[in-house]
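Chemist: Below you'll find the structure I mean.
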Amino acid sequence: MTNTNAKSAGTFKIGGEIEIARLGFGGLRLAGQGGGSYGPPEDREEVLKTLRRLLDLGINFVDTADSYGPDVSEELIREALHPYRDGLVVATKGGVVRPSAEVWVPVGRPEYLIQQAHKSLRNLGLDQIDLWQLHRVDPQVPADEQYDAVRQLIDEGTIRHAGLSEVGIAEIEAASKFFPVATVQNMYNLTTRVHDAVVDYCTDHGIGFIPWFPLAAGALAQPGSILGVIAGKHEASPSQIAIAWLLKRSPVILPIPGTSKVRHLEQNVQAASITLSDEDFAELDAAGRTVSAG
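So in the UniProt record's numbering, spot 223 of the sequence shown is number 223, and the numbers just go up one at a time.
Following this line, the structure appears as structure tokens:
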């Protein structure tokens with residue numbers, strides 16, 4: 001693997017109009033000690049260097065959330081990349097609060113969602129957020145009220161496109177009555193397959209599917225596993241093969257592996273140039289389903 005450019009993974013159009021490289025970058029690990037996503041980063045200068053390296057590597061899609069830090073990730077992205085280069089899409093999420101490092105609480109009151117979207121505008125230094133995602137559907141607030149708040153944000157021009165996170169097909173269809181669902185961001189990887197049906201639904205409907213925790217491989221990370229064997233065949237790391245598997249799984253999948261280190265970023269982007277054979281994919285798919293079911 002000599003090519004280190006995210007564009008090798010191909011492109012996808014968010015909402016059918018905003019074209020991005022399919023391999024993006026997730027901002028969770030920018031904040032917190034050791035990437036713990038709470039508080040300031042351990043090595044601020046390395047984080048800023050990592051963000052500034054994105055553009056050189058062809059990445060033009062960055063995903064973050066107001067709860068990463070809180071606010072820290074958004075503010076670091078602005079510090080490193082503003083004024084933003086044409087074509088760079090910075091997506092963010094709202095609807096979760098962080099009273100402490102280990103606690104994530106959904107808050108879906110309409111006034112709160114609208115407030116936080118405007119706060120993200122200021123944090124990021126944007127006039128409009130190209131993609132804003134409801135971080136969680138709050139079970140304590142009627143879902144229709146939350147979806148209507150998102151519709152208001154689109155109507156007033158605060159956000160251009162909207163997505164959902166950690167939802168099933170029923171929630172996607174319910175939200176679609178209020179606004180076009182441009183993306184879905186769920187936990188998904190080679191061995192976490194509970195959302196396989198959601199991936200298929202998004203594929204059929206042209207909805208971008210953003211898998212978070214994309215590098216997890218569970219038991220397949222053990223030496224001698226099929227993941228290790230295929231990684232050896234491609235002279236790649238298991239994590240690079242895990243990304244390549246996601247890219248081949250569906251043309252709407254947009255992996256966003258995150259890191260606070262330049263070296264790890266470059267290694268992740270190299271996965272864009274890996275082309276798995278159908279046989280490689282099928283073997284990994286079967287093994288991943290087995291681990292997930294177990």
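Note that beta-carbon positions come from the ideal geometry of N, C-alpha and C, so glycine has one too.
Spell out the partners DSSP gives N268 in its beta bridges.
Modeler: DSSP, once it has assigned bridges, lists no residue as partnering N268.
Chemist: Is there a Cβ from chain C that is less than 9 Å from the Cβ of S67?
Modeler: In the structure shown, chain C does not exist; there is a single protein chain.
Chemist: So, for V184: in the same chain, excluding its five sequence neighbours on each side, which residues have a beta-carbon less than 8 Å away from its beta-carbon?
Modeler: Once the five neighbours on either side are set aside, the close Cβ partners of V184 are G163, L164, S165, V167, I172, V198, C202, I207, G208, F209 and I210.
Chemist: Between which two residues does the beta strand (DSSP E) holding T92 run?
Modeler: Where T92 is concerned, the enclosing beta strand (DSSP E) stretches over V89 to G94.
Chemist: Should H82 be labelled buried (16 or more other beta-carbon atoms within 10 Å of its own) or exposed?
Modeler: Flag for H82 reads exposed.
Chemist: Does the distance from the C-beta atom of R109 to that of V137 stay below 9 Å?
Modeler: No, they are not a contact pair.
Chemist: Using 8 Å as the cut-off, classify the Cβ of V229 as near or not near the heavy atoms of the ligand GDP, replying yes or no.
Modeler: Ligands are entirely absent from the displayed structure, and the ligand GDP is therefore not among its contents.
Chemist: List the DSSP bridge partners of S165.
Modeler: Beta-bridge pairing links S165 to Q185.
Chemist: Quick one: Cα of V291 to Cα of T259, how far?
Modeler: Approximately 26 Å between the Cα atoms of the pair.
Chemist: Is DSSP giving F178 helix, strand or coil here?
Modeler: If DSSP states are grouped into helix, strand and coil, F178 belongs with coil.
Chemist: When the Cα of K7 is compared with those of I18, F25 and L57, which residue comes out closest?
Modeler: If we check each option's Cα against that of K7, L57 comes out closest.
Chemist: My output table needs one value for L131: the three-state DSSP class, helix, strand or coil.
Modeler: It is a strand residue.
Chemist: Check whether the Cβ atoms of G125 and R78 lie closer than 9 Å to each other.
Modeler: Yes. Within cutoff.
Chemist: What are the uninterrupted segments assigned as alpha helix (DSSP H) that are 4 or more residues long and contained completely in the segment 197–233, given in chain order?
Modeler: With a minimum length of 4 residues, the continuous alpha helix (DSSP H) runs that stay inside the segment 197–233 are 226–233.
Chemist: For Y38, name the three-state secondary structure that DSSP assigns.
Modeler: Three-state DSSP puts Y38 in a strand.
Chemist: Is there contact here, the segment 34–54 with the segment 219–235, by at least three beta-carbon pairs under 8 Å?
Modeler: Contact between the segment 34–54 and the segment 219–235 is absent, because fewer than three Cβ pairs lie under 8 Å.
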